[in-house]
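In this text, residue positions in the sequence shown follow the working numbering: the first is 648, and each later residue adds one.
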Amino acid sequence: MEQVLWFGWFRADIIAEYAALFWQGLRMTIAVTLICIVQGTLLGLAIGLARVAEARHAPARQLCRYALRWPATVYVSFFRGTPLFVQILLIHFAALPLFVNPADGLLISGETARNLKQNYGAFLSGVVALTLNSGAYISEIFRAGIQSIDRGQVEASRSLGMSFSRTMFHIVLPQAFRRMLPPLGNNAIALLKDSSLISAIGLAELAYAARTVAGAYSRYWEPYLTISLMYWVLTLGLAGLVRQLEARYGRGDTR
C-alpha cells in the first residue's frame with residue numbers, strides 16, 4: 648500500500664490497512680464495557696446492601712453482621728486494595744483454570760471446557776475481573792448514597808412495619824439514586840478505560856489492536872494516537888449520557 652502522510656509525519660495508510668482490526672477492537676471494548684457496567688452495578692448494589700444490612704433482633708442481627716457485612720467488607724477491601732492488573736492475571740491464570748479445566752474443572756470439564764478456554768478464555772477472565780473490581784467500587788457508591796439519606800426516613804418506614812428490603816427499594820434507593828449518578832458515571836468512564844488492561848491476556852480489544860499494529864510497523868504514534876481518539880470519543884459519549892440522566896432524574900433532589 649502506498650504511503651499516505653498526514654501533517655508530514657502521520658502515516659494514514661497504516662490505519663487504513665488495519666481498519667478492520669481497529670473496528671473489531673472497538674466493538675469488543677464497547678461490549679466488555681457494557682457487560683461489566685450492568686453486572687458491576689448489580690453486584691455493587693448487592694454488596695452495598697449487604698454492607699448496610701441490619702436487623703433489630705437476634706439471631707438475625709448476628710446473621711447480618713457475620714454473614715453479610717463482614718464478608719462484604721473483606722471483598723471490598725481486597726478488590727480496592729489490590730491492582731486491577733494483578734486481579735486480571737490472577738483470575739485468568741489461576742481462577743479460570745480451577746473452575747474451567749478439561750481435566751478436572753470444578754464447574755466445567757471435558758471438551759466443553761477446552762473449547763471455552765481456547766475461544767473465550769480471555770473474554771471470560773476479563774469480564775469477571777472487571778465486574779468484580781467495579782462491583783467493589785460501585786458498592787461503596789451505593790453504601791454512601793444509602794447512608795446519605797436521613798436516618799429518620801428509615802426509622803419511620805420501619806416503625807410502619809416495612810421490612811428492610813422494602814424500605815431500601817421503595818424509600819431509600821429512589822432518593823439516593825439521584826445523588827449516586829455522578830460517581831456512577833465516573834465509574835463507568837473509568838471502567839471503559841480500564842478495559843484496555845485486558846489486552847495483556849490476549850483479548851482483541853483496542854489496546855491489543857494498537858499493539859499489533861505497532862509491532863508490525865515499529866511505529867507507535869499512529870496506532871496509539873488512533874485508539875486514544877477512540878477512547879476519547881467513547882468517554883465523551885458516556886459523559887454526555889450521564890449529564891442527560893442527571894438532568895432528567897436529578898430534579899427534585901433537595902439536599
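Just so it is clear, CB atoms sit at the ideal spot from N, CA and C, and this is done for glycine as well.
### Task
Spell out a yes or no on whether the stretch 800-818 and the stretch 834-847 are touching, meaning 3 or more CB-CB pairs, one atom from each, closer than 8 angstroms.
no
Alpha carbon to alpha carbon, how far is residue 813 from residue 888? What you label residue 813 is simply residue 166 of the sequence shown in a count that begins at 1. What you label residue 888 is simply residue 241 of the sequence shown in a count that begins at 1. Whole-angstrom Cα-Cα distance: 29 angstroms.
Just to check my reading of the structure: residue 878 and residue 853 have Cβ atoms closer than 8 angstroms, yes? What is that Cβ distance to the nearest angstrom?
Counting from one through the sequence shown, the residue named residue 878 turns up at place 231. Counting from one through the sequence shown, the residue named residue 853 turns up at place 206. About 7 angstroms separates the two Cβ atoms, so the contact holds.
- Going by Cα to Cα distance, which pick from 747, 786 and 872 is closest to residue 719? Along the sequence shown, one-based indexing puts residue 719 at 72. It is 786.
Q) Hey, how far is the Cα of residue 872 from the Cα of residue 682? A) One-based indexing of the sequence shown puts residue 872 at position 225. One-based indexing of the sequence shown puts residue 682 at position 35. Spanning the two alpha carbons is a distance of roughly 26 angstroms.
- Item | Every unbroken alpha helix (DSSP H) inside the stretch 709-743 [4 residues or more] | 717-728 and 731-737
* **Every unbroken alpha helix (DSSP H) within the stretch 750-804, with a cutoff of 4 residues, ordered by chain** => 757-794
Proximity below 7 angstroms, CB of residue 660 to CB of residue 671 | Within the sequence shown, the letter at position 13 stands for residue 660. Within the sequence shown, the letter at position 24 stands for residue 671. Cβ distance not < 7 angstroms, so residue 660 and residue 671 don't count as in contact.
Review point. Between residue 893 and residue 662, which are expected to be in contact by the criterion C-beta below 8 angstroms, what is the C-beta distance as a whole number of angstroms?
Key: By one-based count along the sequence shown, residue 893 stands at place 246. By one-based count along the sequence shown, residue 662 stands at place 15. Wrong, their Cβ atoms sit about 35 angstroms apart, outside the cutoff.
**Prompt:** Does DSSP put residue 658 in a helix, a strand or coil?
**Reply:** Here residue 658 refers to the residue found at position 11 of the sequence shown. Of the three classes helix, strand and coil, the one that applies to residue 658 here is strand, per DSSP.
Check: Between which two residues does the alpha helix (DSSP H) carrying residue 691 extend?
Finding: Start at 1 with the first residue of the sequence shown, and residue 691 comes out as number 44. From DSSP, the alpha helix (DSSP H) with residue 691 extends over 666-699.
Report task. For residue 776, count neighbouring C-beta atoms within 10 Å of its own C-beta (all shown protein chains included) and say buried if the count is 16 or more, exposed if not. Result -> For the purposes of this step, residue 776 is taken as the residue at position 129 of the sequence shown. Burial call: buried.
**Prompt:** Is the beta carbon of residue 692 less than 7 angstroms from the beta carbon of residue 789?
**Reply:** The sequence position of residue 692 within the sequence shown is 45, counting from 1. The sequence position of residue 789 within the sequence shown is 142, counting from 1. Result yes, Cβ atoms of residue 692 and residue 789 sit closer than 7 angstroms.
Pair within 7 angstroms by beta-carbon distance, residue 727 and residue 783:
Start at 1 with the first residue of the sequence shown, and residue 727 comes out as number 80. Start at 1 with the first residue of the sequence shown, and residue 783 comes out as number 136. Yes, Cβ-Cβ distance for residue 727 and residue 783 is below 7 angstroms.
Next item on the list: Report the three-state DSSP secondary structure of residue 652 (helix, strand or coil).
Entry: Along the sequence shown, one-based indexing puts residue 652 at 5. DSSP places residue 652 in strand when its eight states are reduced to three.
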